[in-house]
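Beneath this line is the structure, given in structure tokens, with notes to follow.
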Amino acid sequence: MQNEVKRQEPAPIRWNLPVDEQIDLLRRGVVDLVSEDDLRRKLAKGAPLRVKLGADPTRPDLHLGHAVILRKMRQFQDLGHKVIMLIGDFTAMIGDPSGKSKTRPPLTLEQTRENAKSYLEQCRLILRQESEVLEVRFNGEWLEPMGYADVIRLASRYTVARIMERDDFKKRFEGGVPIAVHELLYPLTQGYDSVALEADVELGGTDQLFNNLVGRALQRDYGQESQVVMTLPLLVGLDGTEKMSKSLDNYIGLTDEPHEMFAKLMKVPDPLLDNYFTLLTDLPRPRIEELLAGHPVAAHRELAREVVAWFHPDADLDAAEARFRSVARGGIPENIPTVTVPAAELANSADPERISLVKLVVLAGLEPSNGAARKLMQNRGLKLNGEVVTDAQASLTREQLSQEGGAVIQKGKDKFARLVLGS
Numbered sequence: 001m002q003n004e005v006k007r008q009e010p011a012p013i014r015w016n017l018p019v020d021e022q023i024d025l026l027r028r029g030v031v032d033l034v035s036e037d038d039l040r041r042k043l044a045k046g047a048p049l050r051v052k053l054g055a056d057p058t059r060p061d062l063h064l065g066h067a068v069i070l071r072k073m074r075q076f077q078d079l080g081h082k083v084i085m086l087i088g089d090f091t092a093m094i095g096d097p098s099g100k101s102k103t104r105p106p107l108t109l110e111q112t113r114e115n116a117k118s119y120l121e122q123c124r125l126i127l128r129q130e131s132e133v134l135e136v137r138f139n140g141e142w143l144e145p146m147g148y149a150d151v152i153r154l155a156s157r158y159t160v161a162r163i164m165e166r167d168d169f170k171k172r173f174e175g176g177v178p179i180a181v182h183e184l185l186y187p188l189t190q191g192y193d194s195v196a197l198e199a200d201v202e203l204g205g206t207d208q209l210f211n212n213l214v215g216r217a218l219q220r221d222y223g224q225e226s227q228v229v230m231t232l233p234l235l236v237g238l239d240g241t242e243k244m245s246k247s248l249d250n251y252i253g254l255t256d257e258p259h260e261m262f263a264k265l266m267k268v269p270d271p272l273l274d275n276y277f278t279l280l281t282d283l284p285r286p287r288i289e290e291l292l293a294g295h296p297v298a299a300h301r302e303l304a305r306e307v308v309a310w311f312h313p314d315a316d317l318d319a320a321e322a323r324f325r326s327v328a329r330g331g332i333p334e335n336i337p338t339v340t341v342p343a344a345e346l347a348n349s350a351d352p353e354r355i356s357l358v359k360l361v362v363l364a365g366l367e368p369s370n371g372a373a374r375k376l377m378q379n380r381g382l383k384l385n386g387e388v389v390t391d392a393q394a395s396l397t398r399e400q401l402s403q404e405g406g407a408v409i410q411k412g413k414d415k416f417a418r419l420v421l422g423s
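In UniProt numbering, the protein residues as written are 1 to 423.
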């Protein structure tokens with residue numbers, strides 16, 4: 001179940017902060033800055049900068065990995081600069097080959113625009129909404145009307161040799177893995193976005209450094225002042241090895257409920273704590289070092305409270321922590337979703353006094369299908385009233401569902417549902 005998140009009221013914008021202080025704030029967590037001298041010079045002019053972040057909405061849901069770069073955008077906004085949330089509705093149809101070992105299936109324009117609705121709604125959890133500091137654009141505005149001759153002219157401004165310097169292209173070429181021509185055009189297409197928007201700064205993950213530098217070069221070629229390129233690290237997920245990703249199930253969603261977000265943050269691997277504090281909180285460096293030097297549990301607790309408070313300003317943090325402690329001790333929390341099992345479900349069963357536990361897992365929304373529910377049970381991932389159930393043929397009786405409090409099923413560490421019989 002997704003939780004509707006209420007945004008914090010933004011603090012006043014700090015207009016005209018001295019350049020050195022702006023640089024100190026903006027450098028936090030940054031990996032590449034090309035270049036600091038250029039950024040300093042742009043800031044010294046005293047005019048608000050145009051700060052671009054391009055995002056191809058290939059998925060409609062966001063997690064804390066996305067929050068890293070959105071928080072950097074928010075820092076620019078808090079300093080009075082205008083950030084441009086550029087939705088790559090057109091470039092998503094090409095498919096960004098960055099870091100990919102094979103051609104990525106393209107999306108339709110309709111798919112990208114549908115995904116963008118959810119994407120933008122979640123971005124609002126972090127970004128300020130004042131028109132002075134936020135602009136939302138779609139690159140289909142200028143890319144879709146381009147004709148074949150326009151594409152040829154754009155392609156003439158960059159060489160194949162420079163495109164092939166990109167590590168993923170180089171590895172695929174040397175390994176005999178096909179590279180489609182449209183993939184070679186992607187960096188140019190993304191770079192042209194910076195020309196169209198006259199960006200002063202472009203943000204991106206470290207995997208976007210090459211693409212963003214192409215934009216810097218194209219701006220020079222089009223007679224514009226080159227953008228500053230700023231990259232941030234890709235947040236490592238809860239598995240401690242791979243970047244945070246929903247497909248790898250190592251993520252913390254921006255719209256996770258407070259208790260769920262708290263519990264996941266308590267599981268962040270110890271070696272990643274410094275990174276999470278730096279990229280996802282505003283705690284000063286001395287405080288972070290103090291926490292890291294102390295007990296890991298205390299550090300996790302403060303991390304969880306800081307991050308949850310940002311996305312859920314009205315959340316009861318003490319209750320979220322108490323729930324985590326209860327579950328960690330093998331207990332069942334008090335406030336869990338109640339799922340009413342229609343009496344007709346039993347009537348339609350082979351035995352009207354029993355109903356398959358597999359079916360109930362799906363009915364409760366803990367798994368999307370019977371097959372997934374059976375696999376969950378075979379992997380010892382399901383509990384019934386606190387006891388592990390591995391028998392995929394298990395069932396619950398009408399009496400069990402009718403008793404006071406019903407029956408509680410649990411997926412993994414912190415996914416619960418209370419099953420009660422309806423009329």
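From the three backbone atoms N, C-alpha and C, an ideal C-beta is built for every residue, glycine too.
All values reported here derive from a predicted model rather than from experimental measurement.
Residues near residue i by beta carbon distance below 7 Å, same chain, minus five either side
i	result
Ala116	Pro57, Ile87, Asp89
Glu260	Asp414
Leu401	Val341, Ala407, Leu419, Val420, Leu421
Within 7 Å, strictly: CB atoms of residue i and residue j
i	j	result
Ala199	Lys52	yes
Gly381	Gly330	no
Tyr222	Gly237	no
Leu279	Gly29	yes
Ile355	Leu346	yes
Val228	Asp37	no
Pro258	His312	yes
Ala309	Phe262	no
Asn348	Val358	no
Met266	Phe324	yes
Ala373	Val388	no
Leu364	Ser423	Correcting the residue identity first, residue 364 is Ala in this sequence and not Leu. Cβ distance not < 7 Å, so Ala364 and Ser423 don't count as in contact.
Cβ neighbours of residue i in the same chain (closer than 6 Å, five flanking residues each side left out)
i	result
Gly140	Asp89, Phe90
Arg166	Phe210
Exposure label - residue i; buried when at least 16 CB within 10 Å
i	result
Val136	exposed
Ser35	exposed
Ile152	exposed
Pro233	buried
residue 477	Absent from the model: residue 477. The displayed extent of the chain is 1 to 423, so no value can be given.
Ser101	Since pLDDT at Ser101 reaches only 44, below the 50 mark, its modelled position is unreliable, and no value is offered.
Gly99	Any reading at Gly99 must be qualified, since the residue scores a pLDDT of 49, below 50, and its modelled position is unreliable; the value itself is stated next. The residue in question, Gly99, is exposed, as its Cβ has fewer than 16 Cβ neighbours within 10 Å.
Glu242	exposed
Leu248	exposed
Nearest-angstrom Cα separation, counted from residue j out to residue i
i	j	result
Ala155	Phe138	21 Å
Met85	Gln378	44 Å
residue 451	Leu109	The structure shown does not extend to residue 451, since the chain is modelled only from 1 through 423, so no value can be given for it.
Lys383	Pro352	23 Å
Pro337	Phe416	7 Å
residue 486	Ala67	Given that the chain is displayed from residue 1 to residue 423, the structure contains no residue 486 and the question cannot be resolved.
Leu184	Asp168	11 Å
Asp24	Thr231	15 Å
Leu317	Ser118	27 Å
Val339	Thr281	36 Å
Arg172	Leu33	28 Å
Cutoff 8 Å; reference residue i; Cβ partners in own chain excluding five residues on either side
i	result
Ala11	Asp78
Val327	Ala263, Pro333, Lys413, Asp414
Ala298	Leu291
Beta-bridge partners of residue i, as assigned by DSSP
i	result
Leu384	Glu387, Ile409
Lys52	Ile84, Glu202
Ile355	Leu396
Val341	Leu421
Lys415	Lys411
Lys243	Val236
Residue-level contact to chain D via CB, residue i, 7 Å cutoff
i	result
Met261	In summary, chain D is missing from the structure at hand, where a single protein chain is found.
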